[in-house]
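First up is the structure itself, then whatever we jot down about it.
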Amino acid sequence: MGVSHISDGPETWSRRGVLAVLGAVPAAVLTGCGSRAGASGATSGPAAPAAPTVSSAASTAEVSALTLTPADGSRNAGFTSPVQVTASSGTLSRVRVTADDGSALSGTFDDTRTTWTSDRNPCSGTAYTVTAEAEGATEETLSFSTEAAADTFVGRFTPEAGSTSGVGMPVSVTFTHAVTDRAAVEKAITVTADPQVEVVGHWFSDTRLDFRPEEYWAAGTKITLALRLRDVEGAAGVYGTQSKDVTFHIGREQISTVDLAKKTMTVRRDGRTLATYPVSGGDAEHTTWSGVMVISERFEKTRMESSTVGLGDEYDIDDVPHAQRLTTSGTFIHGNYWASSSIFGGSNTTHGCIGLRDAKGGGDTSEPGYAFYKSSMLGDVVVVKNSGEDTVDPANGLNGWNMSWSNWRAGSAF
1428 MGVSHISDGP ETWSRRGVLA VLGAVPAAVL TGCGSRAGAS GATSGPAAPA
1478 APTVSSAAST AEVSALTLTP ADGSRNAGFT SPVQVTASSG TLSRVRVTAD
1528 DGSALSGTFD DTRTTWTSDR NPCSGTAYTV TAEAEGATEE TLSFSTEAAA
1578 DTFVGRFTPE AGSTSGVGMP VSVTFTHAVT DRAAVEKAIT VTADPQVEVV
1628 GHWFSDTRLD FRPEEYWAAG TKITLALRLR DVEGAAGVYG TQSKDVTFHI
1678 GREQISTVDL AKKTMTVRRD GRTLATYPVS GGDAEHTTWS GVMVISERFE
1728 KTRMESSTVG LGDEYDIDDV PHAQRLTTSG TFIHGNYWAS SSIFGGSNTT
1778 HGCIGLRDAK GGGDTSEPGY AFYKSSMLGD VVVVKNSGED TVDPANGLNG
1828 WNMSWSNWRA GSAF
């Protein structure tokens, strides 16, 4: 039947400058700054002219022993290259780079220990403080901040954080901007399960990436989605903004099989038959999709209009009870109060939905439509067979289970 009106949901800069010049100093004095040759009073060659008398403050001027990339004090620096600290002489004893939120960039020294490079790039729109020390020099504190990304994207995920779903619920991520570097984005997203099982991603389009295991999730599974999309370049000049972990859970196993030759639906929970209901499916001109479908939306009451699914003005029912979406294109399993009771279990008369007998208003707890709705949750599996129709497109709803494991894996960027 028709679809509801309710909608589905640091460039390199160098620093080697005077740290502290406390007075005007003649060049001859600066040339010898830091030299230890005259410490014992020994000299060679002609005696040098006496140096002019200067203040002791001016004679203590220093030159920085460190070079920072991006440059010390820079603002709006790039964020697509690592941070580097280099000693102009001697070796580095320690380096720490800390963001304004307290997080730190880890890094490594090169073989000569004269350059430290961060393990990853700095974050966009972030201020950093660098404390570092070169051998034989005092500790220095430097700073820089990065520019904000001009164009960004996020990944909107299903199911909701903290929710509990049925065993068929995939983890589906929809991006707000088309992704051209699928490998970079997929690498930044991981889905793990407890108990452990292999989980693989599949790209349905440049804006949709789903994750699932080979078989349905085990009942009671805890699933963790780790999004590390911040500053990942999904398309030219377009960067992700998210860095977060979310968890959801799998509840009991409920799989319902609709046999439209028999016009029945058998509901099995955790391997045992819970109920069998008479149903009515799509008629000869409006056959119901066959295959594995997953409940993706639930409405105690919703409006259905034939015009929304290309069927003109054949129907407009504003109070369809206990409607549960199976496809994006408009297939639901729902209660039906307007048809004769004899069609349920007797004939297929719908426009492609699966109907169960129900009462107007949906308040009769004895009716199959009410009972099935109350026993169901998002992510439950509904398998349709003997409908006379092709298998539903795996991208039409959350229905990737209709794809073989080898074909599913082939849709990963790896």
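If you're matching positions, the sequence shown starts at 1428 in my numbering and goes up one per residue. Ideal placement from N, C-alpha and C gives every residue a C-beta, glycine not left out.
Close beta carbons around W1543, own chain, < 6 Å, minus the five adjacent residues each side: V1512, L1519, V1522, G1534, F1536
- prompt: Taking Cβ to Cβ, would you say A1561 is nearer than 9 Å to G1500?
  reply: no
Sub-9 Å separation of S1756 and D1743 beta-carbons: Against a cut-off of 9 Å, the Cβ pair of D1743 and S1756 comes out as no contact.
- request: Give a yes or no on contact between the segment 1601–1617 and the segment 1650–1669, applying the rule of three or more CB pairs nearer than 8 Å.
  value: Verdict: yes, contact present.
- request: Could you tell me the boundaries of the beta strand (DSSP E) in which F1536 lies?
  value: 1534–1536 is the span of the beta strand (DSSP E), which, as asked, contains F1536.
field: A1837 versus W1630 - alpha carbon distance
entry: 9 Å
- prompt: If D1807 sits next to Q1681, beta carbons under 8 Å apart, how far is it from one beta carbon to the other, in whole angstroms?
  reply: 5 Å between Cβ atoms; contact.
- prompt: Is the CB-CB distance between T1668 and K1649 below 9 Å?
  reply: 9 Å or more divides the Cβ of T1668 from the Cβ of K1649.
message: Rounding to the nearest angstrom, what Cα-Cα distance links E1438 and F1571 in this structure?
response: With a pLDDT of only 36 at E1438, under the threshold of 50, the placement of this residue in the model should not be trusted; the figure read from the coordinates follows. Taking C-alpha positions only, E1438 is separated from F1571 by approximately 12 Å.
- prompt: Measuring CA to CA, which of E1724, S1717, G1762 is closest to P1586?
  reply: E1724
field: Strand pairing of G1667, partner residues [DSSP]
entry: Bridge partners of G1667: F1580, R1657.
message: Residues in the same chain with beta-carbon distance under 6 Å from L1569, minus the five sequence neighbours each way, listed in chain order, please.
response: Close CB contacts of L1569 within its chain, under the 6 Å cut and outside five residues either way in sequence, are with L1495, D1499, V1557 (chain order).
query: How would you write the range of the beta strand (DSSP E) that E1560 sits in, first residue to last?
result: Looking at the DSSP string, the run of the beta strand (DSSP E) that includes E1560 is 1554–1561.
query: Identify the residues that DSSP records as bridge partners of G1762: which are they?
result: G1762 is bridged by DSSP to L1783.
Backbone secondary structure at V1624 - three-state DSSP: coil
task: Give the DSSP bridge partners of I1722, in chain order.
output: The secondary-structure analysis by DSSP pairs I1722 with nothing; it has no beta-bridge partner.
- request: Check whether the segment 1713–1724 touches the segment 1797–1807, taking contact to mean three or more Cβ pairs, one atom from each stretch, closer than 8 Å.
  value: yes
query: Between T1591 and R1679, what straight-line distance do the alpha-carbon atoms span, to the nearest angstrom?
result: Distance between the alpha carbons of T1591 and R1679: 9 Å.
query: Can you list, in chain order, the residues of its chain whose CB lies under 7 Å from that of A1464, leaving out five sequence neighbours each side?
result: Low per-residue confidence applies at A1464: pLDDT is 35, beneath 50, and the placement is therefore not dependable enough to give any value.
query: CA-CA distance, G1773 and G1709?
result: C-alpha separation (whole angstroms): 12 Å.
- prompt: Do A1663 and E1574 have their C-beta atoms closer together than 9 Å?
  reply: no
message: At the level of alpha carbons, what is the spacing between H1749 and T1693?
response: 18 Å
query: Taking G1628 as the reference, which of T1792, V1606, A1526, R1639 has the closest Cα?
result: R1639
- prompt: Applying the criterion that 16 or more other CB atoms from any shown protein chain within 10 Å of the CB defines a buried residue, is A1610 buried or exposed?
  reply: Burial check for A1610: the Cβ neighbour count within 10 Å stays below 16, so the residue is exposed.
query: What span of residues does the alpha helix (DSSP H) with Y1704 cover, start to end?
result: From DSSP, Y1704 is part of no alpha helix (DSSP H) but of the beta strand (DSSP E) over 1699–1705.
- request: Inspect the beta-carbon positions of V1581 and F1602 and report whether they are closer than 9 Å.
  value: For V1581 and F1602, yes; Cβs fall inside 9 Å.
task: For H1749, write down the residues that DSSP places opposite it in a beta bridge.
output: According to DSSP, H1749 bridges with nothing at all.
message: I'd like to check one pair, V1594 with S1683: are the Cβ atoms closer than 9 Å?
response: no
message: Output needed for S1670: all residues of its chain with C-beta closer than 8 Å, excluding positions within five of it in sequence on either side, in chain order.
response: L1654, R1655, L1656, R1657
task: Go ahead and pull the three-state DSSP assignment for G1709.
output: strand
query: With a CB to CB cut of under 6 Å and the five nearest residues on each side skipped, what residues in its chain are close to V1598?
result: V1618, F1638, L1652
- prompt: Quick one, which of T1700, T1715, L1701 has its alpha-carbon nearest S1400's?
  reply: An answer regarding residue 1400 cannot be provided, because it is not within the stretch 1428 to 1841 covered by the chain.
field: Buried or exposed by the 16-neighbour rule on C-beta atoms within 10 Å, applied to W1765
entry: exposed
message: Can you tell me whether T1565 is buried or exposed? The criterion is at least 16 other CB atoms within 10 Å of its CB, across all chains shown.
response: exposed
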